[in-house]
Amino acid sequence: MTKYEALHKLKDDMEKDDSLPLKKGAGKLVFGSGNTEAKILLCGEGPGRQEDLQGLPFVGQAGKLLDKLLLLAGLERKEVFVTNVVHHRPPENRDPLPEEITSYGKYLDQIINILNPKVIITLGRFSMAKFLPNVFISQVHGKKHDIIWKDKKIIVFPMYHPAASLRNGNILRQEQKDFLQLKDTLYIMGLVK
Ligand code: URA
1 MTKYEALHKL
11 KDDMEKDDSL
21 PLKKGAGKLV
31 FGSGNTEAKI
41 LLCGEGPGRQ
51 EDLQGLPFVG
61 QAGKLLDKLL
71 LLAGLERKEV
81 FVTNVVHHRP
91 PENRDPLPEE
101 ITSYGKYLDQ
111 IINILNPKVI
121 ITLGRFSMAK
131 FLPNVFISQV
141 HGKKHDIIWK
151 DKKIIVFPMY
161 HPAASLRNGN
171 ILRQEQKDFL
181 QLKDTLYIMG
191 LVK
């Protein structure tokens, strides 16, 4: 089975799973989208209003900013795969609860397993905490972290959530610097030209 086929099968399984805690109040499942052969996975927090309507991650205002940030790192959206820690919209866009992150985490783990990315770019603290527990985003943002995750070597770059940058100009400037620096590291790794 190709990665594309495996991810589609996983999405079908997820759509049928009525035990997912946010399913009842949400619109569409936002499984993830992008290049299923990508070496770089981006992981955000959870769908907002636009994502819930369209069933696609980062298609609202934060997504427009994300596209610009990716360009600073020499990346286009079509070259990466994008998903979230929870795949249904939390009511009123509230933060996902720990038990919700655990429930959706079973699927996120499988997405990572199938995709087998070299690099994971986390967007915001909920996604960061999955791979880098017990750190503060204000201290580690933009820095390269080599981790072993489920017996696999993965490089994690924790980034601020683009929605935080939309609210705060200082965070935006910092995040732009972080993505520009990311380009240098990805270039050395042969992941961007
Ligand atoms: N914010 C997220 O964290 N994920 C999305 O898909 C959209 C906005």
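For the sequence shown, the residue numbers in UniProt numbering are 1 to 193. A virtual CB, placed ideally from N, CA and C, is assigned to each residue, including glycine.
Next item on the list: Using 8 Å as the cut-off, classify the Cβ of Leu-97 as near or not near the heavy atoms of the ligand URA, replying yes or no.
Entry: no
Next item on the list: Quick one: grab the DSSP three-state call for Val-30.
Entry: coil
Notebook entry, point to check: Roughly how many angstroms separate the alpha carbons of Asp-109 and Ser-103, rounded to a whole number?
Noted result: 11 Å
Next item on the list: Please classify Phe-136: does DSSP put it in a helix, a strand, or coil?
Entry: coil
Notebook entry, point to check: When we look at the beta-carbon of Tyr-4 and count the other beta-carbons within 10 Å, is it buried (16 or more) or exposed?
Noted result: exposed
Margin query: Just checking Leu-70 against the ligand URA - is the residue's beta carbon closer than 8 Å to any of the ligand's heavy atoms?
Written below: no
Margin query: Contact between the stretch 89 to 107 and the stretch 17 to 34 is defined here as three or more beta-carbon pairs at a separation below 8 Å; is this criterion met?
Written below: yes
Next item on the list: Can you tell me which of the three DSSP states Leu-123 falls into?
Entry: strand
Checklist line | Three-way DSSP call (helix, strand, coil) for Asn-35 in this model | finding: coil
Check: How far does the beta strand (DSSP E) with Phe-157 in it reach, from first residue to last?
Finding: 152 to 159
Check: Under the criterion of a Cβ to heavy atom distance below 8 Å, does Leu-123 qualify as lining the ligand URA?
Finding: yes
Check: Could you give the C-beta distance for Leu-29 and Phe-81, rounded to a whole number, given that I count them as a contact under 8 Å?
Finding: In fact, because the Cβ distance is near 16 Å, the residues do not count as touching under 8 Å.
Check: Per DSSP, which one or two residues make a beta bridge with Val-82?
Finding: Ser-33 and Leu-42
Check: Would DSSP call Asp-17 helix, strand or coil?
Finding: coil
Notebook entry, point to check: Which value, in whole angstroms, describes the spacing of the CA atoms of Ile-154 and Met-1?
Noted result: 23 Å
Check: Between Ile-148, Ile-137 and Arg-77, which lies nearest to Lys-118 when the distance is taken from Cα to Cα?
Finding: Ile-148
Margin query: Relative to the C-alpha of Gly-32, which candidate in Val-192, Ile-137, Pro-57 and Lys-39 has its C-alpha closest?
Written below: Pro-57
Check: Glu-37 to Ile-114, Cα distance in whole Å?
Finding: 10 Å
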